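Quick note: the sequence shown, position 26, residue 173 per my numbering, numbers continuous.
Backbone N, C-alpha and C define an ideal beta-carbon position, used for all residues, glycine too.
Predicted model only: the values in this text are computed from it and were never measured.
Input: a single structure, listed below in structure tokens.
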Amino acid sequence: AAYGQVGGTAGGGVVSCLLTDPRCMLSSVFFGVFGIVIALMKDVPDVAGDELSNIRSFSVRVGQDRVFKAMRRLLFGLFVTFGGGFLRGAALAPTKF
Numbered sequence: 148a149a150y151g152q153v154g155g156t157a158g159g160g161v162v163s164c165l166l167t168d169p170r171c172m173l174s175s176v177f178f179g180v181f182g183i184v185i186a187l188m189k190d191v192p193d194v195a196g197d198e199l200s201n202i203r204s205f206s207v208r209v210g211q212d213r214v215f216k217a218m219r220r221l222l223f224g225l226f227v228t229f230g231g232g233f234l235r236g237a238a239l240a241p242t243k244f
């Protein structure tokens, strides 16, 4: 019955969810950044083959070590930021006794 409903209104859609629900927006940002990290990290081990095949991938152009370190920092920052947000939310949540 509640399938497709966002915030109690039928047919809200993805954009409406992103604009009105902070949880939807934050989870979308998290998984969007996480997807970028996965896409760029997946290409790092293939640099030698890409160079031999003359494929100008991002890792070939920028450098394997630089891409690896940048994605590691981005992933660490993502986890620290969202982990801190979860801890803050948990600390501010009302408790029942």
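| Item | Value |
| --- | --- |
| Whole-angstrom distance between residue 216 and residue 206, CA atom to CA atom | 11 Å |
| Rounded separation between residue 223 and residue 181 - CA only | 11 Å |
| Separation of residue 233 from residue 241, as counted between CA atoms | 14 Å |
| Nonlocal neighbours in the same chain, by C-beta distance under 8 Å from residue 188, ignoring five residues either side | 214, 215 and 218 |
| 7 Å Cβ cutoff met for residue 221 and residue 191 | no |
| Whether residue 211 touches residue 194 by CB criterion (7 Å) | yes |
| Helix, strand or coil at residue 216 [DSSP, three-state] | helix |
| Continuous alpha helix (DSSP H) stretch holding residue 185: start and end | 169 to 190 |
| Secondary structure of residue 200, DSSP reduced to three states | coil |
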